[in-house]
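This report refers to the structure that appears directly beneath it.
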DNA sequence: ATTTTAATGAGACTTTGGTCTCTTTACAAT
DNA sequence: ATTGTAAAGAGACCAAAGTCTCATTAAAAT
């Protein structure tokens, strides 16, 4: 237990660095540690003290567009139409992803390319599973537990920024076309999982 | 038309560089240009002459595991069970992807993170669509054209190395679990597309 | 108010990606 | 065999990532 409560000052500069990085990444190109430090009005050495690698900074940099809040999105929606809710969740994440394409690409590239034998880097944060689970919450009782887990995993392939990369770089689709395909796929998968439950 | 036939010498050193890069990447970590040049027994300057950026070299580096050949895989299989064929195609690509995980991660990171306003880098090559189309070839007549295109796009989300990244980095799944989820999802999507055709 | 401690600032230093120039070698045509 | 041309080699050079040390400032404790 070597836990130590970080001082206010530490938290403040840490936050400043993250916000600075986010601001610079919105402009579309990978910022330099010097640039981030300058933008945060902080010495370069200090930046490295808080984030030993530039990657760590970029991965944690906040998406300042309001990220879809799983709780908020379905707060006043007691519906149990799993298909519609999952689709709506995807639509909401879709917006965030395509609004922050440049920033997310940088994040993705840095987290994918990390040396796999190196566990000093922070794991990727996972915003999509809470969202998926919130969407399926009102109808979870209709799934077998295994089917539910499998469905969540399959939906995770569709929900994140990785699908944007496939659509844009591999297929050459624009955001709207991508959204249509995803909408269809999400509904098809939810329906299939429900079918599985019935026929079991 | 400033096309110029490259000399034998050029082709030889180019090939040597690519093979050297592939050899080094199999060891799992991104090689430096010096290392590649040394491995290819070539001067660093020469390496840069053939590949102006290290990225370009790594992206083009060959996956020496036999890449799933769409034609070969279904050469002696006249079956028109779209579900089974799509699943089998995915299984085959799954093997290649997980066998070459390290190398593919480097490739992916480099192609994702490229500056989008920069078109000097080679576009991503697309191995998955031919594979998907070969799988669906014998049953293509059962789909409406729009449904077919949509299905191919949806399957492309599941087939490539991007899904490996989601499974490993986001969900923490191993290769076998990933394969099971993908198998289910692929079959569910194909089935859904066929249903759409029937109810139209 | 003074002392102690932890965070910051400043800057030297190393490695790697990438560019550039100049020289040397290999190839091909005659 | 000689000569013109294009590729390869050698090395200087710059920018950015990352590490280190030491001085300076701000916060906290007494």
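Chains as they are written, first to last, in the working numbering: chain R, 401 to 600; chain D, 401 to 600.
Glycine included, C-beta positions come from ideal geometry on N, C-alpha and C.
Being a predicted model, the structure only gives us computed values, none of them experimental.
**Prompt:** So residue 605 of chain R and residue 478 of chain R are in contact, right, with Cβ under 8 Å, and what is the actual spacing, rounded?
**Reply:** With chain R running from 401 to 600 in the structure shown, residue 605 of chain R is simply not present.
**Asked** CA-CA distance, residue 401 of chain D and residue 450 of chain D?
**Response** Low confidence applies to residue 401 of chain D: its pLDDT is 49, below 50, so where it sits in the model is not reliable, and the reading given next is rough at best. If you take the alpha carbons of residue 401 of chain D and residue 450 of chain D, they lie about 20 Å apart.
**Asked** With DSSP run on the structure shown, which of helix, strand or coil describes residue 602 of chain D?
**Response** This structure cannot settle anything about residue 602 of chain D, because the visible part of chain D is limited to 401 through 600.
**Asked** Between which two residues does the alpha helix (DSSP H) containing residue 523 of chain R stretch?
**Response** No alpha helix (DSSP H) contains residue 523 of chain R, which DSSP labels as neither H nor E.
**Asked** Just to confirm, are residue 567 of chain D and residue 554 of chain D a CB contact at a threshold of 7 Å?
**Response** No Cβ-Cβ contact shorter than 7 Å links residue 567 of chain D with residue 554 of chain D.
**Asked** CA-CA distance, residue 483 of chain D and residue 410 of chain R?
**Response** In this structure, the alpha-carbon of residue 483 of chain D lies about 55 Å from that of residue 410 of chain R.
**Prompt:** Since residue 565 of chain D meets chain R, which of its residues come closer than 7 Å, beta carbon to beta carbon?
**Reply:** 512, 562
**Request:** May I ask you to list, following chain order, the residues of the stretch 437 to 458 of chain R that have a beta carbon less than 7 Å from some beta carbon of chain D?
**Result:** The residues in question: there are none.
**Prompt:** Can residue 559 of chain D and residue 490 of chain D be called in contact, C-beta distance under 7 Å?
**Reply:** yes
**Asked** Just reading off the alpha helix (DSSP H) that residue 569 of chain R is part of, what are its end residues?
**Response** Boundaries for residue 569 of chain R: no alpha helix (DSSP H) harbours it, and the DSSP string shows neither H nor E there.
**Item:** Beta carbon proximity, residue 590 of chain D to chain R, threshold 7 Å
**Value:** no
**Asked** Do the stretch 540 to 551 of chain R and the stretch 583 to 597 of chain R make contact, defined as three or more Cβ pairs closer than 8 Å?
**Response** The stretch 540 to 551 of chain R, when compared against the stretch 583 to 597 of chain R, does touch it at the 8 Å Cβ threshold.
**Asked** Is residue 504 of chain D close to chain R, meaning its C-beta is less than 7 Å from at least one C-beta of that chain?
**Response** For residue 504 of chain D, not one C-beta of chain R is nearer than 7 Å to its own C-beta.
**Request:** Look up residue 583 of chain R in the DSSP assignment and say whether it is helix, strand or coil.
**Result:** helix
**Asked** In chain R, which residues lie less than 9 Å from residue 543 of chain D when you measure between Cβ atoms?
**Response** Here the premise fails: no neighbours, minimum Cβ distance about 13 Å.
**Item:** Touch test, the stretch 492 to 499 of chain D against the stretch 424 to 443 of chain D, Cβ-Cβ under 8 Å, three pairs minimum
**Value:** Contact fails: fewer than three Cβ-Cβ distances are below 8 Å.
**Prompt:** Is residue 426 of chain R helix, strand or coil by DSSP?
**Reply:** The three-state reading of DSSP puts residue 426 of chain R in coil, since its state is none of H, G, I, E or B.
**Interface positions of the stretch 533 to 558 of chain D facing chain R (Cβ-Cβ less than 7 Å), listed along the chain** = 550, 553, 554, 556, 557, 558
**Asked** Hey, quick one: how far does the alpha helix (DSSP H) through residue 538 of chain D stretch, first residue to last?
**Response** Element bounds for residue 538 of chain D: n/a, residue is neither H nor E.
**Prompt:** From residue 415 of chain D to residue 575 of chain R, what does the alpha carbon distance come to, in whole angstroms?
**Reply:** 38 Å
**residue 552 of chain R versus residue 433 of chain D - alpha carbon distance** = 41 Å
**Message:** Nearest by alpha-carbon distance to residue 532 of chain D: which of D:492, D:446, D:439, D:570 is it?
**Reply:** D:492
**Asked** Does residue 471 of chain D get closer than 7 Å to chain R when you measure Cβ to Cβ?
**Response** Closer than 7 Å to the CB of residue 471 of chain D there is not a single CB belonging to chain R.
**Message:** Can you check whether the C-beta of residue 496 of chain R is within less than 7 Å of a C-beta belonging to chain D?
**Reply:** no
**Prompt:** Can you find a C-beta in chain D that's less than 7 Å from the C-beta of residue 491 of chain R?
**Reply:** no
**Asked** In the structure shown, what three-state DSSP assignment does residue 401 of chain D receive?
**Response** Per-residue confidence for residue 401 of chain D stands at a pLDDT of 49, beneath the threshold of 50, marking its modelled position as unreliable; the derived number appears in the next sentence. In the structure shown, residue 401 of chain D sits in coil (DSSP, three-state: anything other than H, G, I, E or B).
**Message:** Only counting the same chain, and skipping five residues up and downstream in sequence, which positions put a Cβ closer than 6 Å to that of residue 437 of chain D?
**Reply:** 444, 447
**Prompt:** Mind checking if residue 597 of chain D is an interface residue toward chain R, Cβ cutoff 7 Å exclusive?
**Reply:** no
**Outcome for residue 581 of chain D when other beta-carbon atoms lying within 10 angstroms are tallied against a minimum of 16** = buried
**Message:** Nearest by alpha-carbon distance to residue 421 of chain D: which of D:529, D:585, D:461, D:453 is it?
**Reply:** D:461
**Request:** Check the C-beta distance from residue 463 of chain R over to residue 513 of chain D and give it rounded, since I have them as a contact under 8 Å.
**Result:** Not confirmed; about 17 Å, so no contact.
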